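Number 449 in numbering that gives the first Met the number 0 belongs to position 450 of the sequence shown; there are no gaps in the numbering.
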Amino acid sequence: MKNNINVITRARQTAKWLNIKSILLAGALALTSCESSLDTINENPNDPASIDPKYLLTYISKYTFQVDSDNMYASRMMIGTDGENKYQYMKWNDTSFEVYTKGLLNTGKMMQEAEKINNKNYIAIGKFYRAYHFFNISLRVGSAPYSEAAKGESGITQPKYDTQDAIMSGILSELKEANDLINTNDKIEGDIVFSGDALKWKKLINSFRLKILMTLSKKTTVGSYNIATEFAAIAGSQPLMTSISDNGELKFADAADSRYSMFNNSGYGSSLYMADYFINLFKDRHDPRLFTFAAQTTGAKEAGKAITDFTGYNGGNPTSPYSDNAALITAKNISKVNDRFYKDATNEPSSVLSYSELEFILAEASARGWISGSAKTHYDNAIKASFTFYQTYVKNPGQYFSGFDVNQYLTTPLVVYNNSAPLETQVEKIITQKYMTMFHQAQWTSYYDYLRTGYPNYPLKAGVPAPFRFRYPQSEYSYNNANLKAALTSQYGGNDNINSKPWWLQ
């Protein structure tokens with residue numbers, strides 16, 4: 000861990016230099032044509048300075064693996080009580096394209112520097128990060144700059160928009176290339192995710208290919224790929240994650256700029272509480288993972304109830320006015336988020352894709368007939384892996400899990416899996432349990448699963464549907480208007496509306 004902290008420190012120092020000489024310049028060129036910005040940033044456009052890609056890898060990884068809490072409001076896991084949260088009430092609007100400058104430009108720079116030293120592994124990992132970020136950008140908005148993105152230094156100041164079909168097909172091809180490139184001969188220094196283990200990167204790359212294909216389950220093809228056929232080919236021939244030690248996750252360190260994303264977050268300590276929809280899934284199943292996510296109600300504490308007493312936990316209604324939920328505080332009958340999320344500097348690792356999630360993906364693929372084998376086996380493996388994760392990383396797990404038998408849990412009525420059940424029943428079972436593993440994990444995955452499958456069945460306020468997407472950033476209207484308008488016309492009839500349905504959901 001000490002080596003990781005040192006690498007992060009060096010990366011932070013490097014990033015400060017890059018922010019002046021490279022990142023901001025390329026960012027301005029990639030997404031805008033703002034001349035005043037270029038006048039102050041572009042002191043020497045022919046600066047030959049280079050940087051070891053290991054520092055960039057650390058910087059990019061740290062940026063990518065941060066915890067995003069906004070999705071937990073939309074996904075009915077948390078509620079706020081100090082004001083109307085736009086995600087909780089499904090009223091969000093514009094997104095941001097900052098990832099083009101903070102994530103993708105750094106990734107491109109890392110790949111360029113890797114070319115200079117002929118290190119294929121940094122190029123392969125760069126392709127993974129490109130795929131990861133473009134995947135998430137496209138899910139947020141639909142069509143987006145892809146083939147011409149982040150090429151300001153090549154003179155492309157107003158990148159065209161690629162269709163969602165083209166983006167998803169393109170990143171699948173990039174991941175295939177990454178799988179072919181990754182090797183055990185080229186070192187991977189600065190790696191705070193897998194400590195330089197090329198095989199683990201290969202497993203993550205291939206597992207992420209499966210995640211993309213499953214996300215597109217409503218489609219039959221993407222580009223030249225047949226989705227089910229490609230899924231089966233990857234699952235049957237490529238190395239995939241096999242345990243939680245393969246998780247694509249970042250472990251945090253108790254050092255400056257390396258601590259858990261929500262550490263010392265004042266909102267978590269004052270106004271964030273649990274949603275009753277999420278809590279009740281665990282109470283109904285007598286699932287002790289609840290105790291690692293939520294705190295007892297004040298009333299339960301004062302009554303001296305045991306931490307493992309399910310009656311000591313209660314949530315607020317995510318569709319009710321925030322003032323109604325605030326009244327539950329006065330009544331001492333609502334659970335806060337477990338304080339480890341804002342008091343523990345290291346807490347649990349943050350994943351972009353875990354072994355547990357992969358097993359749920361394989362379970363769904365089995366249920367859909369994309370691959371052979373038992374969906375129940377993958378489903379059971381996924382749940383076991385989730386419990387192993389929390390028993391490994393939560394401090395003092397015995398206070399929550401003492402006496403718990405996961406094999407017995409898997410036989411209980413609301414949990415047990417039946418390979419012979421109708422497909423919809425199987426998918427509901429898989430997605431519900433998958434959702435239960437994603438508190439502070441996997442960013443917006445649970446919300447996208449809901450849009451894709453309808454499960455779990457989120458509570459929604461009458462007349463307020465769950466949005467399908469975000470609006471494009473205002474900066475694109477200002478600096479890339481013609482390409483944006485063309486993309487809007489081809490996708491949504493010119494309307495930039497959060498309720499417009501993108502290609503992947505049609």
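Just so you know, even glycine gets a beta-carbon here, dropped at the ideal spot from N, CA and C. Remember, predicted model here, so these are calculated numbers, not experimental data.
- Does DSSP classify residue 493 as helix, strand or coil? coil
- Message: Give me, in chain order, the residues of the same chain whose beta-carbon lies closer than 8 angstroms to that of residue 497; leave out the 5 immediate sequence neighbours on both sides.
- Response: 91, 92, 466, 467, 468, 469 and 470
- Message: Do residue 398 and residue 333 count as a contact pair if the criterion is CB distance below 8 angstroms?
- Response: no
- Under three-state DSSP, which class holds residue 190? coil
- Message: Just verifying my parser: in three-state terms, what is the DSSP assignment at residue 413?
- Response: coil
- By how many angstroms is the C-alpha of residue 74 removed from the C-alpha of residue 67? 12 angstroms
- Query: Would you call residue 375 buried or exposed, if buried means 16 or more other Cβ atoms sit within 10 Å of its Cβ?
  - Reply: buried
- Secondary structure of residue 26, DSSP reduced to three states: Per-residue confidence for residue 26 stands at a pLDDT of 34, beneath the threshold of 50, marking its modelled position as unreliable; the derived number appears in the next sentence. Residue 26: helix per DSSP, three-state reduction.
- Query: Just the Cα atoms here: how many angstroms apart are residue 94 and residue 191?
  - Reply: 28 angstroms
- Task: Look at the alpha carbon of residue 459 and the alpha carbon of residue 482, and state the distance between them as a whole number of angstroms.
- Result: 34 angstroms
- Task: Give the straight-line distance between the Cα atoms of residue 266 and residue 456, rounded to the nearest whole angstrom.
- Result: 27 angstroms
- Message: Pull the bridge partners of residue 161 from the DSSP assignment, please.
- Response: 143
- Task: Determine the direct distance from the alpha carbon of residue 444 to that of residue 121, and round the result to whole angstroms.
- Result: Taking the straight line joining both Cα atoms gives about 26 angstroms.
- Under the three-state reduction of DSSP, which class applies to residue 21: helix, strand or coil? Low per-residue confidence applies at residue 21: pLDDT is 41, beneath 50, and the placement is therefore not dependable, though the value from the model is reported in the following sentence. The answer is helix: DSSP assigns residue 21 an H, G or I state.
- Task: Please classify residue 368: does DSSP put it in a helix, a strand, or coil?
- Result: coil
- Query: What three-state label does DSSP hand residue 284 in the structure shown?
  - Reply: Reduced to three states, the DSSP call for residue 284 is helix.
- Message: With a threshold of 8 angstroms between beta-carbons, can residue 288 be considered close to chain B, or not?
- Response: Among the chains of the structure shown, chain B does not appear; only one protein chain is present.
- Out of 53, 61 and 55, which has the shortest C-alpha to C-alpha gap to residue 348? Measuring C-alpha to C-alpha distances from residue 348 to each of 53, 61 and 55 identifies 61 as the nearest.
- Query: Relative to the C-alpha of residue 71, which residue among 282, 200, 235 and 84 is closest?
  - Reply: 84
- Below 7 angstroms CB to CB, which residues in the same chain sit around residue 126 once its five sequence neighbours on both sides are set aside? 173, 174, 176 and 177
- Whole-angstrom distance between residue 486 and residue 143, CA atom to CA atom: 8 angstroms
- Which class does residue 383 belong to by DSSP, given the choice of helix, strand or coil? helix
- Query: Measuring CA to CA, which of 474, 273 and 301 is closest to residue 291?
  - Reply: 273
- Exposed unless 16 or more other CB atoms sit within 10 angstroms - verdict on residue 574: Outside the displayed range of the chain (0 to 505) lies residue 574, so it cannot be described from this structure.
- Item | residue 312 and residue 293 closer than 8 angstroms at C-beta | Note that the C-beta distance between residue 312 and residue 293 is below 8 angstroms.
- Residue closest to residue 151, alpha-carbon to alpha-carbon, out of 505, 493, 479 and 140: 479
- Task: Look at residue 112 and residue 153 and say whether their C-beta atoms are less than 8 angstroms apart.
- Result: no
- Message: Below 8 angstroms on the Cβ atoms is my contact criterion, and I expect residue 211 with residue 167 to pass it. Report the Cβ-Cβ distance as a whole number of Å.
- Response: With 8 angstroms as the limit, residue 211 and residue 167 qualify as a contact, their Cβ atoms being about 6 angstroms apart.
- Item | Length-filtered (4 minimum) alpha helix (DSSP H) runs lying within the region 303 to 383 | Entirely contained in the region 303 to 383, the alpha helix (DSSP H) runs reaching 4 residues are, in chain order, 321 to 329, 339 to 342 and 354 to 367.
- CB residue 377 to CB residue 361, shorter than 8 angstroms? The answer is yes: Cβ separation under 8 angstroms.
- Item | Terminal residues of the beta strand (DSSP E) in which residue 247 lies | 247 to 249
- Query: Going by C-alpha distance, which of 240, 225 and 187 is nearest residue 205?
  - Reply: Closest option to residue 205, judged by alpha-carbon separation, among 240, 225 and 187: 240.
- Query: What is the DSSP secondary structure of residue 154, reduced to helix, strand or coil?
  - Reply: Three-state DSSP puts residue 154 in coil, outside helix and strand.
- What residues in its chain sit with their C-beta under 6 angstroms from that of residue 439, if we drop five residues either side in the sequence? 66
- Query: Taking the C-alpha atoms as reference points, what is the distance between residue 209 and residue 424?
  - Reply: Approximately 22 angstroms between the Cα atoms of the pair.
- Item | Per DSSP, cross-strand counterpart(s) of residue 273 | 77
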